[in-house]
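Asks:
Protein chains: 2
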Amino acid sequence: MNFELTFLGTNSALPAHGRFPTAQVLAIQEQLFLIDCGEGTQARMLDFHVKRHKINQIFISHLHGDHVFGLIGLLTTLNLMGRQHQLEVFSPAGLEEVIQIQLKASQTQLGYPLVFHVTDTSRFQLIFENETVAVYTIPLLHRIPTNGFLFREKQRDLNILPEKIEEYQLSVPQILKAKEGKDITLEDGRTIDNNELTRMPPLPRSYAYCSDTLYTESILSYIKGVDLLYHESTFLHDDQQRARETMHSTAYEAATIAKQAAVKMLFLGHYSTRHKDVNVFEEEAQSIFPKARAAREGMRVSIPFHHEAEEIRITWKDPG
Amino acid sequence: MNFELTFLGTNSALPAHGRFPTAQVLAIQEQLFLIDCGEGTQARMLDFHVKRHKINQIFISHLHGDHVFGLIGLLTTLNLMGRQHQLEVFSPAGLEEVIQIQLKASQTQLGYPLVFHVTDTSRFQLIFENETVAVYTIPLLHRIPTNGFLFREKQRDLNILPEKIEEYQLSVPQILKAKEGKDITLEDGRTIDNNELTRMPPLPRSYAYCSDTLYTESILSYIKGVDLLYHESTFLHDDQQRARETMHSTAYEAATIAKQAAVKMLFLGHYSTRHKDVNVFEEEAQSIFPKARAAREGMRVSIPFHHEAEEIRITWKDPG
Numbered sequence: 000m001n002f003e004l005t006f007l008g009t010n011s012a013l014p015a016h017g018r019f020p021t022a023q024v025l026a027i028q029e030q031l032f033l034i035d036c037g038e039g040t041q042a043r044m045l046d047f048h049v050k051r052h053k054i055n056q057i058f059i060s061h062l063h064g065d066h067v068f069g070l071i072g073l074l075t076t077l078n079l080m081g082r083q084h085q086l087e088v089f090s091p092a093g094l095e096e097v098i099q100i101q102l103k104a105s106q107t108q109l110g111y112p113l114v115f116h117v118t119d120t121s122r123f124q125l126i127f128e129n130e131t132v133a134v135y136t137i138p139l140l141h142r143i144p145t146n147g148f149l150f151r152e153k154q155r156d157l158n159i160l161p162e163k164i165e166e167y168q169l170s171v172p173q174i175l176k177a178k179e180g181k182d183i184t185l186e187d188g189r190t191i192d193n194n195e196l197t198r199m200p201p202l203p204r205s206y207a208y209c210s211d212t213l214y215t216e217s218i219l220s221y222i223k224g225v226d227l228l229y230h231e232s233t234f235l236h237d238d239q240q241r242a243r244e245t246m247h248s249t250a251y252e253a254a255t256i257a258k259q260a261a262v263k264m265l266f267l268g269h270y271s272t273r274h275k276d277v278n279v280f281e282e283e284a285q286s287i288f289p290k291a292r293a294a295r296e297g298m299r300v301s302i303p304f305h306h307e308a309e310e311i312r313i314t315w316k317d318p319g
Numbered sequence: 000m001n002f003e004l005t006f007l008g009t010n011s012a013l014p015a016h017g018r019f020p021t022a023q024v025l026a027i028q029e030q031l032f033l034i035d036c037g038e039g040t041q042a043r044m045l046d047f048h049v050k051r052h053k054i055n056q057i058f059i060s061h062l063h064g065d066h067v068f069g070l071i072g073l074l075t076t077l078n079l080m081g082r083q084h085q086l087e088v089f090s091p092a093g094l095e096e097v098i099q100i101q102l103k104a105s106q107t108q109l110g111y112p113l114v115f116h117v118t119d120t121s122r123f124q125l126i127f128e129n130e131t132v133a134v135y136t137i138p139l140l141h142r143i144p145t146n147g148f149l150f151r152e153k154q155r156d157l158n159i160l161p162e163k164i165e166e167y168q169l170s171v172p173q174i175l176k177a178k179e180g181k182d183i184t185l186e187d188g189r190t191i192d193n194n195e196l197t198r199m200p201p202l203p204r205s206y207a208y209c210s211d212t213l214y215t216e217s218i219l220s221y222i223k224g225v226d227l228l229y230h231e232s233t234f235l236h237d238d239q240q241r242a243r244e245t246m247h248s249t250a251y252e253a254a255t256i257a258k259q260a261a262v263k264m265l266f267l268g269h270y271s272t273r274h275k276d277v278n279v280f281e282e283e284a285q286s287i288f289p290k291a292r293a294a295r296e297g298m299r300v301s302i303p304f305h306h307e308a309e310e311i312r313i314t315w316k317d318p319g
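Chain order of the listed sequences is D and S.
Per numbering that gives the first Met the number 0, the first sequence starts with residue 0, numbered consecutively.
Per numbering that gives the first Met the number 0, the second sequence starts with residue 0, numbered consecutively.
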């Protein structure tokens, strides 16, 4: 019952200093969701042992190359690996044409159904859901149409206590009813209060991905209280003017958003190449919001199942 | 006066086993020529300290993704780095549309002139020349239109002997005439034989790039006697049937071509991912043509200026 985010690329614009363009993989209960796909994403997946064939949905925030140039390579590699099951791509308008012209130029016919969904970058909107998770767009402010994504686990049914099933000899229909929160009437006419039969399940976990964007408080209502927030911080606050001009954010601004949204933890990324050391982003953000961390290639962030009680776990080995 | 080839990617189809899709850089007298550009080429350029901004011509053999998916990333990175001088791309038809649609989707306007030249994959044809080098297409046989490239240094002028300039007090016009191979008539009426005044310059160096292709002896006349031949060897000869079907070559076949063309040295590459160890390709080829080597990422091959007398130098540090 994992909920684990892996950073594959944390640099902005281009590869530099051992960092790569944006890509992340979110694993929720054995389902893998790819978020953005900069050039070299498939190679990073090999480096960090991401099971590429387990990805069924890909979410692209916008069509700047550092978020999407790796997609065509991944799609054709999955084809070469013999993929047959459907793959869905969610992105702002224009991506399907970009992919199709490249498949046509190489005379490649994919052996699996590839379905494109166009997102409306101006709205907070449910774009995908299954039994375990719902995904929403988050409208962002950037130079071209851009949206972030909110991943929210579904609320689980109540946990029924095994000893109560035994005690009252509950039938399957009674158990299902109790899990929905209802009281149970036994054959002898007694009514058992639901509180006696069940316990609250763990709370749904959530992750909000916000890149690329100008600082904007318009996103606060969508990301309020999420467990994890990734917010781009291309620049330090010294460069706020440049952030404005290029419609990016500073580490200070990302931390301000995290604080106002009262998220559990903030991760920074999309660093400007002018900074070789990304600790400076972390330090700046922590001055506002102590639970801020600089994302690194290969860093894994895991939210425990019982995350009300347990800490978010971060696994990362500094390569050098 | 260098002539140095650097292998950036030696795998076929996709990244695997620490190998990457095809890309090479040929440096001739401080000019850099990029040959094919698989995904991640710009990152390999960082790894191996290739000066990206010095590339003015890019040669793409065909539009299969493992030879071209890295191009858009490189082009936009050069733009971000502030490039202003012209870049030329030579390739079979269709590439310009692929690049333009991606620039349009990301609303990117390049700050430098980007000129596309379409190659005729059915002909051996001069496609580029300047003072030092001429580049020709080599028709290849593959599943889509494909050509290799022949790089040939221009023949240099004769070397005039300094002591003869002194002895006969030669004027600049006389020196230039002598360098063209002509005899010189002095003011006193004596005629000096050109053989007394000059020595032969080093022979022009040459490199033939042949990927991807079915085994074909039709290329022999174009590559005869080159210093370096790169010939794809996707498979071992055990897999000859599969090589036929996919229109690729085996190491045995690459070596047979090298032997028949009497090249100085053969490099193999475009290895099938089913082989983790590429020494098997080298061993198979060496059984036919001893001067065969398996290309590796980061391997540099340098042809000395006086290569009639000196050995081709290979620099490579096994990372593992």
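We treat Cβ as the ideally placed atom computed from N, Cα and C, and that holds for glycine.
Keep in mind it's a predicted model, so treat the numbers as computed, not measured.
Touching or not, the stretch 95-115 of chain S and the stretch 199-207 of chain S, by the rule of three or more beta carbon pairs under 8 Å?
Replies: Contact between the stretch 95-115 of chain S and the stretch 199-207 of chain S is absent, because fewer than three Cβ pairs lie under 8 Å.
Asks: Strictly under 8 Å for the Cβ-Cβ distance: is residue 141 of chain S near chain D by that measure?
Replies: Start at 1 with the first residue of the second sequence, and residue 141 of chain S comes out as number 142. By this cut-off, residue 141 of chain S is not an interface position.
Asks: In angstroms with no decimal places, state the Cα-to-Cα distance between residue 269 of chain S and residue 87 of chain D.
Replies: Counting from one through the second sequence, the residue named residue 269 of chain S turns up at place 270. Counting from one through the first sequence, the residue named residue 87 of chain D turns up at place 88. So the alpha carbons of these two residues sit roughly 31 Å apart.
Asks: So is residue 122 of chain D buried or exposed if we call it buried at 16+ other beta carbons inside 10 Å?
Replies: For this step, residue 122 of chain D is matched to residue 123 along the first sequence. By the neighbour-count rule (16 or more Cβ atoms within 10 Å), residue 122 of chain D is not buried but exposed.
Asks: In or out: residue 14 of chain D buried (at least 16 other Cβ within 10 Å) or exposed?
Replies: For the purposes of this step, residue 14 of chain D is identified with residue 15 of the first sequence, where counting begins at 1. Flag for residue 14 of chain D reads buried.
Asks: Quick one: complete beta strand (DSSP E) runs, 3+ long, within the stretch 216-262 of chain D?
Replies: Listed in chain order, they are 227-231.
Asks: Assign residue 114 of chain D to one of two classes, buried (16 or more other C-beta atoms within 10 Å of its C-beta) or exposed (fewer than that).
Replies: By 1-based counting over the first sequence, the position of residue 114 of chain D is 115. So residue 114 of chain D ends up on the exposed side.
Asks: Taking C-beta pairs closer than 7 Å, name the residues in chain S that residue 68 of chain D reaches, listed in chain order.
Replies: Sequence index remark: in the first sequence, residue 68 of chain D carries index 69 (1-based). The contacting residues are 71 and 72.
Asks: In whole angstroms, what is the alpha-carbon distance linking residue 84 of chain D and residue 111 of chain D?
Replies: Here residue 84 of chain D is taken as the residue at index 85 of the first sequence, counted from 1. Here residue 111 of chain D is taken as the residue at index 112 of the first sequence, counted from 1. Those two C-alpha atoms are separated by around 6 Å.
Asks: Please name the residue in D:77, D:37 and D:211 whose C-alpha comes closest to that of residue 137 of chain D.
Replies: Along the first sequence, one-based indexing puts residue 137 of chain D at 138. Comparing Cα positions, the closest option is D:211.
Asks: Could you pull out every unbroken beta strand (DSSP E) segment of at least 3 residues lying fully inside the stretch 33-76 of chain D, listed in chain order?
Replies: For the stretch 33-76 of chain D, whole beta strand (DSSP E) runs of length 3 or above, ordered along the chain, are 54-58.
Asks: Express the C-alpha separation of residue 25 of chain S and residue 0 of chain S in angstroms, rounding to a whole number.
Replies: Your numbering for residue 0 of chain S matches position 1 in the second sequence. Your numbering for residue 25 of chain S matches position 26 in the second sequence. Distance between the alpha carbons of residue 0 of chain S and residue 25 of chain S is about 13 Å.
Asks: Taking residue 16 of chain S and residue 275 of chain S to be in contact with their CB atoms under 8 Å, please state how far apart those CB atoms are, rounded to whole angstroms.
Replies: In the second sequence, residue 16 of chain S corresponds to position 17, counting from 1. In the second sequence, residue 275 of chain S corresponds to position 276, counting from 1. Between residue 275 of chain S and residue 16 of chain S the Cβ distance is about 5 Å, and since that is below 8 Å, they are a contact.
Asks: Any idea what DSSP makes of residue 1 of chain S, helix, strand or coil?
Replies: Along the second sequence, one-based indexing puts residue 1 of chain S at 2. In the structure shown, residue 1 of chain S sits in coil (DSSP, three-state: anything other than H, G, I, E or B).
Asks: What does the alpha-carbon distance come out to for the pair residue 254 of chain S and residue 72 of chain D?
Replies: The residue you call residue 254 of chain S lines up with position 255 of the second sequence. The residue you call residue 72 of chain D lines up with position 73 of the first sequence. Going by the C-alpha atoms only, they are around 31 Å apart.
Asks: Which residue or residues does DSSP assign as beta-bridge partners of residue 197 of chain D?
Replies: Counted from its first residue, the first sequence places residue 197 of chain D at position 198. Looking at the DSSP assignment, residue 197 of chain D forms a beta bridge with D:159.
Asks: Between residue 63 of chain D and chain S, is the shortest Cβ-Cβ distance under 8 Å, so that the two count as touching?
Replies: Position 64 of the first sequence holds residue 63 of chain D. Yes, residue 63 of chain D lies at the interface with chain S (some Cβ there is under 8 Å from its Cβ).
Asks: Within 10 Å of its beta-carbon, does residue 309 of chain D have 16 or more other beta-carbons around it, so buried, or fewer, so exposed?
Replies: In the first sequence, the residue the question calls residue 309 of chain D occupies position 310. Result: exposed.
Asks: Can you name the start and end residues of the beta strand (DSSP E) that residue 324 of chain S belongs to?
Replies: The displayed coordinates of chain S run from 0 to 319. Any statement about residue 324 of chain S would go beyond what the structure contains.
Asks: Which residues, in chain order, does the stretch 201-221 of chain S contribute to contact with chain D at a C-beta distance below 8 Å?
Replies: Result list empty, no residue passes.
Asks: Under 8 Å, do residue 293 of chain D and residue 280 of chain D count as touching if we go by C-beta distance?
Replies: Residue 293 of chain D sits at position 294 when you count from the first residue of the first sequence. Residue 280 of chain D sits at position 281 when you count from the first residue of the first sequence. Yes.
Asks: Taking any Cβ of chain D, which residues in the stretch 37-54 of chain S have a Cβ under 7 Å from it, in chain order?
Replies: Result list: 38, 39, 41, 42 and 45.
Asks: Relative to the C-alpha of residue 272 of chain S, which residue among S:235, S:120, S:57 and S:45 is closest?
Replies: Taking the second sequence and counting its residues from 1, the one referred to as residue 272 of chain S is at position 273. Among S:235, S:120, S:57 and S:45, the Cα nearest to that of residue 272 of chain S belongs to S:235.
Asks: If you compare alpha carbons, which of D:202, D:197 and D:33 is closest to residue 305 of chain D?
Replies: As a working mapping, residue 305 of chain D is identified with position 306 in the first sequence. If we check each option's Cα against that of residue 305 of chain D, D:202 comes out closest.
Asks: Contact check, residue 157 of chain S vs residue 188 of chain S under 8 Å by CB: the rounded distance?
Replies: For the purposes of this step, residue 157 of chain S is taken as residue 158 along the second sequence, with counting starting at 1. For the purposes of this step, residue 188 of chain S is taken as residue 189 along the second sequence, with counting starting at 1. With a Cβ gap of about 24 Å, residue 157 of chain S and residue 188 of chain S do not count as contacting.
Asks: Does the distance from the C-beta atom of residue 68 of chain D to that of residue 38 of chain D stay below 8 Å?
Replies: Translated into positions along the first sequence, residue 68 of chain D becomes position 69. Translated into positions along the first sequence, residue 38 of chain D becomes position 39. For residue 68 of chain D and residue 38 of chain D, yes; Cβs fall inside 8 Å.
Asks: List the residues of chain D whose Cβ lies closer than 9 Å to the Cβ of residue 106 of chain S, in chain order.
Replies: Numbered from its first residue, the second sequence carries residue 106 of chain S at position 107. Ordered by position in chain D, the residues that pass the 9 Å Cβ test against residue 106 of chain S are 62, 63, 142 and 143.
Asks: Check whether the Cβ atoms of residue 49 of chain S and residue 5 of chain S lie closer than 8 Å to each other.
Replies: As a first step, residue 49 of chain S must be located in the second sequence, where it is residue number 50. As a first step, residue 5 of chain S must be located in the second sequence, where it is residue number 6. Yes, they are a contact pair.
Asks: Which chain D residues sit within Cβ distance under 8 Å of residue 233 of chain S?
Replies: Counting from one through the second sequence, the residue named residue 233 of chain S turns up at place 234. Per Cβ cutoff of 8 Å: no residues; residue 233 of chain S is ~13 Å from chain D at best.
Asks: Under the rule that 16 or more other beta-carbon atoms within 10 Å means buried, what is residue 224 of chain S, buried or exposed?
Replies: In the second sequence, counting from the first residue as 1, residue 224 of chain S sits at position 225. Exposed: under 16 other Cβ atoms inside 10 Å.
Asks: Using only CA atoms, which one of S:213, S:287, S:278 and S:313 lies nearest to residue 140 of chain S?
Replies: Within the second sequence, numbered from 1, the residue matching residue 140 of chain S stands at position 141. Looking at the Cα atoms, S:213 is the closest of the given residues.
Asks: By the criterion of Cβ-Cβ separation under 7 Å, what are the contact partners of residue 93 of chain D in chain S?
Replies: Along the first sequence, read from residue 1 onward, the residue named residue 93 of chain D stands at position 94. The answer, in chain order, is 104.
Asks: Quick one: grab the DSSP three-state call for residue 172 of chain D.
Replies: Numbered from its first residue, the first sequence carries residue 172 of chain D at position 173. Of the three classes helix, strand and coil, the one that applies to residue 172 of chain D here is helix, per DSSP.
Asks: Whose Cβ in chain D lies nearer than 9 Å to the Cβ of residue 101 of chain S?
Replies: The residue you call residue 101 of chain S lines up with position 102 of the second sequence. The answer, in chain order, is 62, 64, 67, 68, 97, 100 and 101.
Asks: For residue 56 of chain D, count neighbouring Cβ atoms within 10 angstroms of its own Cβ and tell me buried if that reaches 16, exposed if not.
Replies: Along the first sequence, read from residue 1 onward, the residue named residue 56 of chain D stands at position 57. Burial call: buried.
Asks: Measuring CA to CA, which of D:70, D:33, D:46 and D:66 is closest to residue 53 of chain D?
Replies: One-based indexing of the first sequence puts residue 53 of chain D at position 54. Minimum Cα distance to residue 53 of chain D is reached at D:33.
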